[in-house]
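So the sequences go chain by chain: A and B. The opening residue of the first sequence carries number 1 in UniProt numbering; numbering runs sequentially from there. The opening residue of the second sequence carries number 1 in UniProt numbering; numbering runs sequentially from there. Just so it is clear, CB atoms sit at the ideal spot from N, CA and C, and this is done for glycine as well.
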Amino acid sequence: MLVMGEVHTGLLQNSGEVAASTCRRLLGLLAGQTVRVSRRPIVHAVSPDRLTGVDCRLPSASQSRVRGVGTVLTRCSITGGRVVQGSSYVRIVRAAVDRRLPWSHYLARPGVMEVLGKAKPRDLSDGFTDDLPGDRLSGASAGRTRPDPARPDPARGDRGPGWSGSAPLDLGAISGRFVDLVQSSPLLDRRAPFKIPRTRLRWVAESASESGAPAIRFTLHNDQLRTLRLVHDGEFTPAVAELCEDLALHDWLLTTLLVIVERALTGGAPGPEAVAKLTPAVDHLLHLWMPAARVDETLTPLWESLERYPGFTRQWQSLVDRIRDQISVNMLTLLIRKGGW
Amino acid sequence: MLVFAISDKGGTGRSVTSTNIAYRHALQGNDACYLDFDFGSPTAGAIFSVSSVARGTRAGGLHEYLRGELTEPQRIDVWAESDREGLRVKPPGAGRLVLLPGSEGGGELSTVDDEMANRCVQLFSRLEEEFDLCVVDVSAGRSFTAEMILQATVRLPAVPFRWLVYHRWTRQHIIAADGLVNGADGLLDVGARFGHDPEVLRERIRFVRTAVLESEAAELVGLRDEQRAWLSAYDGELRELAGRHGVGRTAMLGKVPLDPILQWREQLISDEDVLATKIANAETAAAFEDLAKKIMDDSAWEGL
Ligand SMILES: Nc1ncnc2c1ncn2[C@@H]1O[C@H](COP(=O)(O)OP(=O)(O)OP(=O)(O)O)[C@@H](O)[C@H]1O
Ligand SMILES: [Mg+2]
């Protein structure tokens, strides 16, 4: 029917870039299984998938009470030894029967949630992307489920989770907790080079066979929250989730660079102080920009359409130029003052 | 940096001073947030002039978060939501100023379980990722809230934190502030029980004197010579008392003068209040500004 996901992206809480071997250990904490590490074009480590059992209400734009049972798939990744992501998603399908089945049934379908009773895909996806808990910064969070990956995983038990009543599906809470687990590792020194909020990207993917031509729409809701709706060719594959993760990563990089430039260049006059605030960006962020580096070929047209509008790379490049200009001008001024020019 | 604001007695000026520190810190270009952990009377909203949460919030407060009823507590962007016009625009160069309100009618914590301490750890750890300064108003006296914080900070060994103990400049307040830190079931005692090294913890605690009448203050102008002489002598006695109780100058981070406007109303002191309308004293704003700097300045926290 459709796939819903939420990616949380943040700065790894360490003073310097973390080595690939450490990334492996950081992500190994989550599951103890193999962590996949690729080194080209940038070091990227991904944890194995973890399952969280859920039996809860699904988001619905019409406020209908729709119950879903199944397992959410989550994984964590670290890019460039610097950026951590927690990514959860779930494929929503219609259940064959209108009651909950033995838990083994759901365990045999990892990352799938079965909807008991009637539900319209459109209603669910609108509910998920439009009814945003933190949309207004002051809006109370509606997220009331509290999965805790540190506790024995309900998905692995043979009884599964209990019906959580009115609590809606909260993929963000699951992703957030996984990021917390990595950030709280004693392998990290917690002396990050700057303070920066995490961003959250909520996404819904539908197949073109059900919803018309391939398309992608990216929306900024507030400083931290984004939504992405996409229609892809063919069946859903994990490559779609990877596309969303890549977009979330680059959106976070861009958002973060904007914040750093604003901090450095508003208020005071440009000068050594501004440059001091810009250097962490140069040291830790600029080399991480590699849009679509790991995106499946069949999906690159979607990335490309976002490059046309809103134009991620264009904005990134102009910020990078601005930072470089500030730094060179400042260097020149220093040299001239010292009489060395 | 996490900063825990506590006092032995109620009504010392803990909330007014702490909110002003967060405000000044944001004006200095840093991202600051304020957590209202005074669950019995969460009134920070009133001081920030956010009337919708003047007595705490109805849904999404910290109390509910700690009880596990929500995954993330409500946040209020003070620059966007304050009712005071002068606060409603973020000054150029200022950082974020965010309030996490308590729950209206929440009540003091009546116990702390492991789950609650874990949620507290998660909250502090996430906020510290994105804010330069997180001020936590802990409420007055020995409480489960203070206990929970001592527990949580043991589990966050790499996260820097400091405590500010507020007291007024009176005999009773000086003795009480000492007791809260050094006495039985005081911060050091309870902290050690949860695994803090008391000597390390002591280095992270400083005192702040509130509503202090300085001998040159304008308020003293109308006094008779005898009164002034007595005040001056008594001030000396208090200083001596404070020294004996470990609340003396070396353990003090700063002091805030008595300001008539704060006696009338709990509020943030803006530069406009000092320079344009002139309802507040420049010394008061300067004291808040000084505290907002010293709170992060390691040299102000070197060994006693
Ligand atoms: N520097 C000051 N000069 C004059 N009055 C002050 C000063 N600081 C605080 N006050 C006033 O003292 C009273 C108590 O202050 P505040 O509410 O901040 O104390 P508190 O310690 O948070 O109290 P509670 O324990 O009830 O929460 C308030 O009316 C406040 O305006
Ligand atoms: Mg108070």
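If you run the structure through DSSP and keep just helix, strand and coil, what is residue i?
{"i": "residue 218(A)", "result": "strand"}
{"i": "residue 188(A)", "result": "coil"}
{"i": "residue 321(A)", "result": "helix"}
{"i": "residue 246(A)", "result": "helix"}
{"i": "residue 154(B)", "result": "helix"}
{"i": "residue 239(A)", "result": "helix"}
{"i": "residue 13(A)", "result": "coil"}
{"i": "residue 331(A)", "result": "helix"}
{"i": "residue 46(A)", "result": "strand"}
{"i": "residue 266(A)", "result": "coil"}
{"i": "residue 121(A)", "result": "helix"}
{"i": "residue 303(A)", "result": "helix"}
{"i": "residue 295(A)", "result": "coil"}
{"i": "residue 285(B)", "result": "helix"}
{"i": "residue 168(A)", "result": "strand"}
{"i": "residue 138(A)", "result": "At residue 138(A), the pLDDT of 32 sits below 50, so the modelled position is not reliable and the matter cannot be decided from this model."}
{"i": "residue 308(A)", "result": "helix"}
{"i": "residue 100(A)", "result": "coil"}
{"i": "residue 259(A)", "result": "helix"}
{"i": "residue 282(A)", "result": "helix"}
{"i": "residue 3(A)", "result": "strand"}
{"i": "residue 299(B)", "result": "helix"}
{"i": "residue 252(A)", "result": "helix"}
{"i": "residue 195(A)", "result": "coil"}
{"i": "residue 12(B)", "result": "coil"}
{"i": "residue 159(A)", "result": "coil"}
{"i": "residue 154(A)", "result": "Here residue 154(A) scores only 46 on pLDDT, less than 50, and its place in the model should not be relied on; the value that follows carries that caveat. Residue state, collapsed to three classes: helix."}
{"i": "residue 144(B)", "result": "helix"}
{"i": "residue 124(B)", "result": "helix"}
{"i": "residue 109(A)", "result": "coil"}
Out of the options, state which residue places its alpha-carbon closest to the alpha-carbon of residue i.
{"i": "residue 126(A)", "options": "236(A), 290(A), 2(A)", "result": "2(A)"}
{"i": "residue 266(B)", "options": "185(B), 35(B), 16(B), 37(B)", "result": "16(B)"}
{"i": "residue 56(A)", "options": "179(A), 27(A), 90(A)", "result": "90(A)"}
{"i": "residue 137(B)", "options": "91(B), 253(B), 165(B), 278(B)", "result": "165(B)"}
{"i": "residue 123(B)", "options": "139(B), 257(B), 156(B), 147(B)", "result": "156(B)"}
{"i": "residue 226(A)", "options": "35(A), 248(A), 205(A), 47(A)", "result": "248(A)"}
{"i": "residue 5(A)", "options": "112(A), 105(A), 235(A)", "result": "112(A)"}
{"i": "residue 248(B)", "options": "169(B), 134(B), 97(B), 14(B)", "result": "169(B)"}
{"i": "residue 73(B)", "options": "62(B), 82(B), 127(B)", "result": "62(B)"}
{"i": "residue 238(A)", "options": "334(A), 87(A), 283(A)", "result": "87(A)"}
{"i": "residue 285(B)", "options": "242(B), 259(B), 162(B), 99(B)", "result": "259(B)"}
{"i": "residue 325(A)", "options": "198(A), 272(A), 196(A), 39(A)", "result": "272(A)"}
{"i": "residue 258(A)", "options": "295(A), 312(A), 307(A)", "result": "312(A)"}
{"i": "residue 330(A)", "options": "275(A), 314(A), 320(A)", "result": "275(A)"}
{"i": "residue 211(B)", "options": "14(B), 94(B), 6(B)", "result": "14(B)"}
{"i": "residue 270(A)", "options": "242(A), 298(A), 230(A), 334(A)", "result": "334(A)"}
{"i": "residue 94(A)", "options": "101(A), 110(A), 115(A)", "result": "115(A)"}
{"i": "residue 200(B)", "options": "70(B), 150(B), 34(B), 291(B)", "result": "150(B)"}
{"i": "residue 65(B)", "options": "30(B), 116(B), 96(B)", "result": "116(B)"}
Could you pull the DSSP bridge partners for residue i from this structure?
{"i": "residue 138(B)", "result": "DSSP lists no partner for residue 138(B)."}
{"i": "residue 86(A)", "result": "8(A), 76(A)"}
{"i": "residue 34(B)", "result": "99(B), 135(B)"}
{"i": "residue 93(A)", "result": "114(A)"}
{"i": "residue 5(B)", "result": "137(B), 164(B)"}
{"i": "residue 29(A)", "result": "For residue 29(A), which the question treats as bridged, DSSP gives no partner whatsoever."}
{"i": "residue 56(A)", "result": "68(A)"}
{"i": "residue 232(A)", "result": "207(A)"}
{"i": "residue 38(A)", "result": "44(A)"}
{"i": "residue 200(A)", "result": "8(A), 225(A)"}
{"i": "residue 51(A)", "result": "73(A)"}
With a threshold of 8 Å, establish whether the CB of residue i neighbours any heavy atom of ligand 4.
{"i": "residue 210(B)", "result": "You won't find ligand 4 in this model; what it holds is ligand 1 and ligand 2."}
> Per the contact definition of three or more C-beta pairs closer than 8 Å, is the segment 51-61 of chain B in contact with the segment 295-303 of chain B?
Replying inline: Result no; under three Cβ-Cβ pairs closer than 8 Å.
> Any chance the segment 58-78 of chain A sits against the segment 176-184 of chain A, with 3 or more Cβ pairs inside 8 Å?
Replying inline: A contact exists between the segment 58-78 of chain A and the segment 176-184 of chain A.
> Which residue spans inside the segment 197-281 of chain B form an unbroken alpha helix (DSSP H) run of at least 4?
Replying inline: Entirely contained in the segment 197-281 of chain B, the alpha helix (DSSP H) runs reaching 4 residues are, in chain order, 198-202, 225-244, 260-264, 271-275.
> Going along the chain, which unbroken runs of the beta strand (DSSP E) with 3 or more residues stay wholly within the segment 48-121 of chain B?
Replying inline: Within the segment 48-121 of chain B, complete beta strand (DSSP E) segments of at least 3 residues are found at 97-100, given in chain order.
> Do the segment 74-92 of chain B and the segment 109-128 of chain B meet, that is, are 3 or more Cβ pairs less than 8 Å apart?
Replying inline: Cβ pair count under 8 Å is below three, so no.
> Are there three or more Cβ pairs, one per stretch, closer than 8 Å when the segment 304-311 of chain A is compared with the segment 99-109 of chain B?
Replying inline: Under the 8 Å Cβ criterion, the segment 304-311 of chain A does not count as touching the segment 99-109 of chain B, having fewer than three qualifying pairs.
> When the Cβ atoms of the segment 181-195 of chain A are set against those of the segment 213-227 of chain A, are three or more pairs found closer than 8 Å?
Replying inline: The segment 181-195 of chain A vs the segment 213-227 of chain A: no contact.
> For the 8 Å Cβ check, are there 3 or more pairs between the segment 105-112 of chain B and the segment 29-40 of chain B?
Replying inline: These segments touch.
> Can we say the segment 250-267 of chain A touches the segment 286-299 of chain A, given the rule of at least three CB pairs closer than 8 Å?
Replying inline: The answer is yes - the segment 286-299 of chain A touches the segment 250-267 of chain A, with three or more Cβ pairs under 8 Å.
> At a cut of 8 Å, does the segment 295-310 of chain A reach the segment 230-237 of chain A through at least three beta carbon pairs?
Replying inline: As far as the Cβ criterion goes, the segment 295-310 of chain A touches the segment 230-237 of chain A, which means the pair count is three or higher.
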